[in-house]
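A.B. asks:
In the working numbering, the protein residues as written are 158 to 224.
#1: Rounded to whole angstroms, what is the Cα-Cα separation between residue 198 and residue 220?
#2: Within its chain, find whatever has a CB closer than 8 Å to the CB of residue 201; leave out the 5 residues flanking it on each side and keep chain order.
#3: Thinking C-alpha only, which one of 215, 209, 171, 216 is nearest residue 182?
#4: Tell me whether the beta-carbon of residue 173 lies closer than 7 Å to the beta-carbon of residue 207.
#5: With DSSP as the reference, label residue 196 as helix, strand or coil.
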């Protein structure tokens, strides 16, 4: 499993869809899907204020090839 990468260490490439952890001023954390544009603004589902960490998306589901 991949680990979370703190935003103070590095950011994903521009326009790469990733999972992000956001934290509100009250300390409430949530996980959303998002990307950063070329101007370093986050875009995604939910509030993008307070993005503190990110990680690559997992691979999509593939059914097994068992008979």
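Beta carbons are placed, not taken as given, at the ideal position from N, Cα and C, and that holds for glycine.
C.D. replies: Working from what's here:
#1: 36 Å
#2: 177, 189, 190, 191, 192
#3: 209
#4: Not in contact: residue 173 and residue 207 (Cβ atoms no closer than 7 Å).
#5: coil
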